[in-house]
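S.K.: Sharing a structure with you now.
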Amino acid sequence: MTQPQFTITAESASTHSGRFIIEPLPQGFGHTLGNALRRVLYTSIPGAAITHVSIPGASHQFTSLPGVKEDIVQLVLALKQIRTTYVGDKPARIYLSAKGPGPVTAGKFETPPDVTIANPDLVIANLADKASKLEIEAYVESGYGYSPADDRKSNTVGVIPTDATFTPVVRVNYEIMATRVGRVTNFDKLILDITTDGTVSPESALKAAAQTLVDYFQSIVQPQSASQDIVSQDSPARTASGSHVAVEELDLPTRIANALQKAGFENVADLLTVPKTELSKVKNLGGKSVKIIEAALAQRGFQLT
Numbered sequence: 023m024t025q026p027q028f029t030i031t032a033e034s035a036s037t038h039s040g041r042f043i044i045e046p047l048p049q050g051f052g053h054t055l056g057n058a059l060r061r062v063l064y065t066s067i068p069g070a071a072i073t074h075v076s077i078p079g080a081s082h083q084f085t086s087l088p089g090v091k092e093d094i095v096q097l098v099l100a101l102k103q104i105r106t107t108y109v110g111d112k113p114a115r116i117y118l119s120a121k122g123p124g125p126v127t128a129g130k131f132e133t134p135p136d137v138t139i140a141n142p143d144l145v146i147a148n149l150a151d152k153a154s155k156l157e158i159e160a161y162v163e164s165g166y167g168y169s170p171a172d173d174r175k176s177n178t179v180g181v182i183p184t185d186a187t188f189t190p191v192v193r194v195n196y197e198i199m200a201t202r203v204g205r206v207t208n209f210d211k212l213i214l215d216i217t218t219d220g221t222v223s224p225e226s227a228l229k230a231a232a233q234t235l236v237d238y239f240q241s242i243v244q245p246q247s248a249s250q251d252i253v254s255q256d257s258p259a260r261t262a263s264g265s266h267v268a269v270e271e272l273d274l275p276t277r278i279a280n281a282l283q284k285a286g287f288e289n290v291a292d293l294l295t296v297p298k299t300e301l302s303k304v305k306n307l308g309g310k311s312v313k314i315i316e317a318a319l320a321q322r323g324f325q326l327t
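Residue numbers (my numbering): 23 to 327.
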């Protein structure tokens, strides 16, 4: 098959929604690309969400607080709607302290520098009078897809786990229409509509999904066996195809990529010479960071020792 030749046109693109038209595609490739991109957009775009909350005076979800119009169940449901940006391997703490009367919005949370609330105007509670006050301690984590609260049951009294929707992609629809090239009419036009929560643009989400598919397909084209991945510093496999890829090309979170580069890891070959136990000792890295690095390497057919 010849090299694919098509155009991608962005229509009505904004921070939350975008329509992308990909054409002309060989007949059948509209559904092939559309379905693959849709699935990856829903499942494999990283995001952040609140995973635990602690509210003084509330030992469990089925209680109420004096002066707060909402009960704890309603508060937790509102907190689940807060959209955040955060990349890290440890939970990030955010804190809110508010006095009445009036509404309490998500923007009143105090956040560390690496956490941003994308919908600060979201009302999470209403306080009845001047004597009313509300304190909330919450923890934000990064992840993929959706994680139910049952996966994070806590034995700590007063800590309430929440359902976490990590994916920043809210909705993906695609449509296939016929298009023509000259007199030939049997081509596909793929129309892709992407809606996000605003923490990532539709265009960035589309590119990330496409890159994920490319990485997996590349591992099929150039597979690497486990024996090739476990190498010493002087092994010929160090210079195998792909090992020269720079760290910044692995699509790692910025914090992890910076930590690796500061520690002297410039490319994949450098990473393959160090055991996982040693890599986890690098400053600003930890167990979760190593898992993220492992996943990025696995997409390119490599494996840490």
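The beta-carbon is built from N, C-alpha and C at its ideal position, and this holds for glycine as well.
1. By the DSSP assignment, the beta strand (DSSP E) with Asn208 in it spans what residues?
2. Where do the ends of the beta strand (DSSP E) carrying Leu307 lie?
3. Shortest alpha-carbon distance to Phe215 belongs to which of Gly50, Tyr64, Pro26?
4. According to DSSP, is His38 part of a helix, a strand, or is it coil?
5. Assuming Ile116 contacts Val137 (C-beta within less than 8 angstroms), just tell me the rounded distance between them.
6. Strictly under 7 angstroms for the Cβ-Cβ distance: is Ile182 near chain C by that measure?
7. Could you pull the start and end residues of the beta strand (DSSP E) that Ile198 belongs to?
8. In angstroms, rounded to a whole number, what distance separates the CA positions of Ala7 and Val203?
9. Between which two residues does the beta strand (DSSP E) harbouring Ser119 extend?
10. Can you tell me whether Tyr166 is buried or exposed? The criterion is at least 16 other CB atoms within 10 Å of its CB, across all chains shown.
11. Locate the beta strand (DSSP E) running through Ser226, then write down its first and last residues.
12. Does the distance from the CB of Ala58 to the CB of Leu235 come in under 7 angstroms?
13. Can you tell me which of Glu271, Thr295, Pro297, Gly308 puts its alpha carbon nearest to the alpha carbon of Arg322?
14. Terminal residues of the continuous alpha helix (DSSP H) containing Glu288?
15. Can you name the residues that DSSP bridges to Ser86?
16. Based on DSSP bridge pairs, tell me the residues matched to Leu47.
17. What's the gap between the Cα of Gly52 and the Cα of Glu45?
18. Rounded to whole angstroms, what is the Cα-Cα separation between Val192 and Asp185?
19. Please report how far the alpha carbon of Ile252 lies from the alpha carbon of Gln233, in whole angstroms.
20. Given 8 angstroms as the limit, is there contact between the region 140-150 and the region 76-93, that is, 3 or more CB pairs closer than that?
21. Any chance the region 123-138 sits against the region 72-79, with 3 or more Cβ pairs inside 8 angstroms?
22. With DSSP collapsed to three states, give me the class of Tyr168.
23. By the DSSP assignment, the alpha helix (DSSP H) with Thr299 in it spans what residues?
M.R.: So, from the data block:
1. 206-218
2. Taken as a continuous stretch (DSSP letters only), Leu307 belongs to no beta strand (DSSP E), as it is neither H nor E.
3. At residue 215 the sequence reads Asp, which differs from the Phe that was named. It is Tyr64.
4. coil
5. 6 angstroms
6. This model lacks chain C altogether, as it is built from one protein chain only.
7. 191-203
8. With the chain covering only 23 through 327, there is no way to say anything about residue 7.
9. 114-121
10. exposed
11. First-last for Ser226: 224-243, but that is the alpha helix (DSSP H), not the beta strand (DSSP E).
12. yes
13. Glu271
14. Here Glu288 belongs to no alpha helix (DSSP H), and DSSP marks it neither H nor E.
15. Asp93
16. Asp210
17. 9 angstroms
18. 16 angstroms
19. Unreliable positioning characterises Ile252 in this predicted model, as indicated by a pLDDT of 41, which lies under 50. A coordinate reading is not provided.
20. yes
21. no
22. strand
23. 298-301
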